[in-house]
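So the sequence shown is numbered by the numbering used here: it starts at 64 and just counts up by one. Note that CB positions come from ideal geometry on N, CA and C, so glycine has one too. It should be emphasised that the depicted structure is a prediction, and the values quoted were computed from it without experimental measurement. Everything below concerns the one structure shown next.
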Amino acid sequence: MEPIRVAVHGALGRMGREVISALSREPATELVGAVDIAAGEGSLPKPDGSGSVPLSPDLESILKGCRPDVLVDFTIARAAMPTARLAAARGVNLVIGTTGLSADDIREIESLAISHQVGAVVAPNFALGAVLMMHLAKLAAKYLDYAEIIELHHHLKADAPSGTALSTARMMAEARGEPFCVPEQKQAAASRGELVEGVSIHSVRLPGLLAHQEVILGGPGQTLSIRHDTISRECFMPGVIMAVKKVVDHKGLIYGLDVLLGLKESK
64 MEPIRVAVHG ALGRMGREVI SALSREPATE LVGAVDIAAG EGSLPKPDGS
114 GSVPLSPDLE SILKGCRPDV LVDFTIARAA MPTARLAAAR GVNLVIGTTG
164 LSADDIREIE SLAISHQVGA VVAPNFALGA VLMMHLAKLA AKYLDYAEII
214 ELHHHLKADA PSGTALSTAR MMAEARGEPF CVPEQKQAAA SRGELVEGVS
264 IHSVRLPGLL AHQEVILGGP GQTLSIRHDT ISRECFMPGV IMAVKKVVDH
314 KGLIYGLDVL LGLKESK
């Protein structure tokens with residue numbers, strides 16, 4: 064069986080470099096091209112020393128010249144959407160880990176995938192442990208009426224609250240069938256965080272952090288904490304590789320790695 068041909072958008076970023084390294088180690092995939100707004104026209108050496116691939120700031124030239132089966136995107140929301148439109152129109156499957164996408168963006172990606180008959184995997188978090196954390200929080204949400212989320216990320220993260228925190232709050236509320244209870248206060252305070260479905264989300268941005276999230280649920284006389292810590296970006300790579308392998312056999316949108324792990328049915 065021929066390896067899956069993959070191009071990476073955002074190739075020179077921290078996540079992009081990690082994705083390129085993982086693709087180069089995986090026998091079932093072949094890195095064929097790289098795109099980055101900061102790149103000059105040229106080539107990018109493969110981490111395994113097996114050669115190089117074309118590198119360009121021009122996505123269209125890479126899609127046309129390298130003919131990837133899958134485009135992996137780890138950039139920013141305003142760059143991801145034009146990328147999705149162009150790649151889908153060329154029949155290229157999409158794996159998108161970019162955060163900060165709106166509900167309208169997700170609906171457009173689904174429409175693009177259906178109309179162009181390609182697969183698209185969009186996930187707010189590709190770390191298997193983080194997905195399990197979210198799943199466990201969803202299970203616990205049915206039994207405890209109060210919840211808060213503390214999410215901590217490096218100081219360069221563009222969005223706040225994180226996509227993972229927002230998804231967690233919404234999944235928890237959906238599982239219980241109603242928003243969480245909100246503690247009564249004499250006046251609203253900015254320090255209480257952003258309220259999503261009754262869940263206060265507190266965002267921390269500091270150098271030295273990578274990606275961390277703690278879900279704290281409470282009831283009379285008890286609390287339950289569920290926490291995930293990302294120690295290095297390497298933890299995202301098994302999820303990315305899984306998505307690349309699955310997306311080529313799917314038409315339409317898969318939202319969330321929990322679907323690929325069998326924790327949730329695709330709509």
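H218 and D292 have their alpha carbons spaced roughly 16 Å apart. T231 is not bridged by DSSP to any residue. Within the same chain, and ignoring the five residues on either side of M196 in sequence, the residues whose Cβ sits closer than 6 Å to its Cβ are I289, H291.
With a beta-carbon spacing of about 12 Å, G79 and V69 fall beyond the 8 Å limit used to define contacts. Take the alpha-carbon of A102 and the one of S165: they are about 27 Å apart. Within the same chain, and ignoring the five residues on either side of L199 in sequence, the residues whose Cβ sits closer than 6 Å to its Cβ are I289.
Here I159 is bridged, per DSSP, to D136, V185. Only residues of its own chain outside the window of five on either side were considered, and among them R268 have a CB closer than 7 Å to the CB of K220, listed in chain order. The stretch 76-115 contains, as complete alpha helix (DSSP H) runs of 4+ residues, the segments 77-88 (chain order). Just so you know, the alpha carbons of G281 and K249 end up roughly 21 Å apart. With distances taken between CA atoms, A236 lies nearest to E260 out of E260, S225, A97. Within its own chain, the residues whose Cβ lies closer than 7 Å to the Cβ of T161, once the five positions on either side in sequence are excluded, are D136, F137, T138, I139, A140, A143, listed in chain order. Assigned with DSSP and collapsed to three states, R68 falls in strand. Residue state for G73 is assigned as coil, using DSSP reduced to three classes. Across the structure, E173 and V194 are spaced so that their CA atoms are roughly 21 Å apart.
Fully enclosed alpha helix (DSSP H) runs of no fewer than 4 residues occupy 226-239 of the stretch 225-289, in order along the chain.
Cβ neighbours of K201 within its own chain (closer than 7 Å, five residues either side excluded): M234, M235, A238.
The DSSP-derived three-state label of I294 is coil. Annotation: H198 is outside any beta strand (DSSP E); the continuous alpha helix (DSSP H) that includes it extends over 191-203.
Assignment of G315 by DSSP, reduced to helix, strand and coil, places it in the strand class.
Relative to I294, the option among A190, G182, S115, L75 whose CA is nearest is A190. Counting C-beta atoms within 10 angstroms of its own C-beta, Q285 has fewer than 16 neighbours from the protein chains shown and is therefore classed as exposed. Taking the CA atoms as reference points, D208 sits about 9 Å from V245.
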